[in-house]
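Counted from 1, the sequence shown has number 119 at position 21 by our numbering; the numbering is strictly sequential.
Notes follow once the structure below has been shown.
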Amino acid sequence: MSKRDYYEILGVNRNAGESDLKTAYRKLAVRYHPDKNPGDAEAEEKFKEAAEAYSVLSNSEQRARYDRYGHAGVSNSAGADWGAQGFGGIEDILGDLFGFDVFGGRGGSSGGARRSAAQRGSDLRYDLEITLEEAAEGMAAQLRIPRLETCETCSGSGAESGTQPETCGTCNGAGQVRYQQGFFSVARTCGNCRGTGRIIRTPCRTCRGAGRIERERSMEVKIPAGVETGSRLRIAGEGEGGANGGGAGDLYVVIHVKEHERFERQGANLYASVPVTFAQAALGAEVAVETLKDTEQLKIPAGTQTGTVFRLKGRGMPVLGGRGHGDLFVSVTLRTPTTLTREQRRLLEQLSEIEDQDLEDKGLFDKVRDIFG
99 MSKRDYYEIL
109 GVNRNAGESD
119 LKTAYRKLAV
129 RYHPDKNPGD
139 AEAEEKFKEA
149 AEAYSVLSNS
159 EQRARYDRYG
169 HAGVSNSAGA
179 DWGAQGFGGI
189 EDILGDLFGF
199 DVFGGRGGSS
209 GGARRSAAQR
219 GSDLRYDLEI
229 TLEEAAEGMA
239 AQLRIPRLET
249 CETCSGSGAE
259 SGTQPETCGT
269 CNGAGQVRYQ
279 QGFFSVARTC
289 GNCRGTGRII
299 RTPCRTCRGA
309 GRIERERSME
319 VKIPAGVETG
329 SRLRIAGEGE
339 GGANGGGAGD
349 LYVVIHVKEH
359 ERFERQGANL
369 YASVPVTFAQ
379 AALGAEVAVE
389 TLKDTEQLKI
399 PAGTQTGTVF
409 RLKGRGMPVL
419 GGRGHGDLFV
429 SVTLRTPTTL
439 TREQRRLLEQ
449 LSEIEDQDLE
459 DKGLFDKVRD
469 IFG
């Protein structure tokens, strides 16, 4: 019987891309997989047919030969064996769909062996909250990190000193047991060793066979000046210890800078406001402005309007990983008194009378200067 066209089998056109091919094959694999159709020879044949079509069309070189020469271009005599060359993608897809490793008659896999090998420990995250002043100066933070560490007694093997873990006799150390499922040979986690490939006859008394123990690690971490919310520091090797004697993961310290009561931050620049009286805004004055480090005198020229912004160069945050500082931008806001003394009320009433008069002959600021002397 002649073979069906591979594009027809998958139900795609000849211009189908990689994602289209994968989607089409996934649908057919779910529909015709032997696990869902036990004893159905026709479903098994269609499953095998779809796998063959996908393995050829997902390989750019084989697809090019197939498009040019048809089935003859990808036959075994032409040097292509879909079961050996194109099965990697199929194995990944079916593993995702059905939760087991598929070997497709290739005779072996390293998947089980990897389960019993040394595994790197997990990375850890620590969220650190600091003040804006601490972010500006930099600091040394004292951290206490709960984590799993490699057991020093057994060096992570889980076995008592003087003994060694034994190879699991059920899976021969693979961590998986194979079963025949129709067309495919599949592997499931070994129930005897729980996928580790090892049996510990005499567990370590310190870690009780786990190979790792829970501890709280105290450490000092230097926070550089200029960090902001979201900055992340990586401390290599300070994560959790690895399984089966594997290396430790990393620790990531994520910075959160508290909101400040006076300053708003945007990158390396700071923004603040300074209240001034009407007289100061009208006549001009020097007002004290607080920075992160000290107090500076800001000169307010006569006639300054509320909302006017002044720039204090270099009085912002340090540039993280660079040189220099950002700037401090100060916005002037007019402060209206809520209570007045008799003298203040008399002067303001006098000013109000002047404002109602014709001001063409004399400027307002001159009259204010006359009143407030």
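Ideal placement from N, C-alpha and C gives every residue a C-beta, glycine not left out.
On a predicted model such as this, the values are computed, not experimentally measured, just so you know.
Nearest residue (CA-CA) to residue i, options the options
i    : options                : result
E150 : D138, G335, L230, L119 : L119
L126 : G401, G109, G137, E116 : G109
C302 : S156, E447, A216, T248 : T248
R129 : K144, E359, L226       : K144
Y123 : R276, G412, N367, S153 : S153
L432 : S158, G382, R413, K391 : G382
E336 : P373, M317, S329, R330 : M317
D133 : N113, Y277, I228       : Y277
S156 : E116, E140, T268       : E116
Y104 : N135, L396, A170, H131 : A170
G414 : Q364, L449, R444       : Q364
E384 : E227, D225, K397, A148 : K397
P435 : G422, K356, A377       : A377
A400 : E451, V430, G295       : V430
K356 : L246, I228, L368       : I228
G412 : G422, A114, R102, A386 : G422
E373 : H131, A386, E142       : Checking the sequence shown, residue 373 turns out to be Pro, not Glu. For the residues H131, A386, E142, the minimum Cα distance to P373 belongs to A386.
K101 : G137, T121, G168       : G168
N113 : E451, E142, P136, S158 : S158
L246 : N135, G344, E441, G420 : G344
V284 : E362, L368, H131       : H131
Distance CB(residue i)-CB(residue j) smaller than 7 Å
i    : j    : result
I298 : C266 : no
A233 : N342 : no
L241 : V319 : yes
T327 : H354 : yes
A366 : G309 : no
G271 : C288 : no
V407 : A370 : no
A379 : T402 : yes
V172 : R166 : no
V275 : R292 : no
T300 : E258 : yes
P244 : E314 : yes
I311 : G236 : no
L426 : L410 : yes
A239 : L230 : no
I107 : E147 : yes
P416 : G324 : yes
T261 : N290 : no
R330 : V352 : yes
Opposing strand residues paired with residue i [DSSP bridges]
i    : result
R491 : Summary: the structure shown does not reach residue 491, with the chain confined to residues 99 through 471, and so no result is reported for it.
R223 : Y350
Y369 : E362, F427
P399 : According to DSSP, P399 bridges with nothing at all.
T287 : Q274
F145 : According to DSSP, F145 bridges with nothing at all.
K411 : Bridge partners of K411: none, in fact.
L320 : Reading off the sequence, residue 320 comes out as Lys, not Leu. K320 pairs with A238.
A386 : Q395
I333 : L349
L432 : V374
Q262 : Q262 is not bridged to any residue.
I297 : E264
E314 : P244
I228 : V355
S217 : Note on identity: in this sequence residue 217 is Gln, with Ser being the wrong assignment. The partner list for Q217 (beta bridge, DSSP) reads A341.
A257 : P301
Can we say the stretch 216 to 223 touches the stretch 338 to 350, given the rule of at least three CB pairs closer than 8 Å? A contact exists between the stretch 216 to 223 and the stretch 338 to 350.
Decide if the stretch 249 to 262 is in contact with the stretch 304 to 313; the criterion is three or more beta carbon pairs, one per stretch, under 8 Å apart. Three or more pairs of CB atoms, one per stretch, sit closer than 8 Å, so the stretch 249 to 262 contacts the stretch 304 to 313.
Enumerate, from N- to C-terminal direction, the unbroken beta strand (DSSP E) stretches of 3 or more residues contained entirely within the stretch 110 to 142. Runs found: none.
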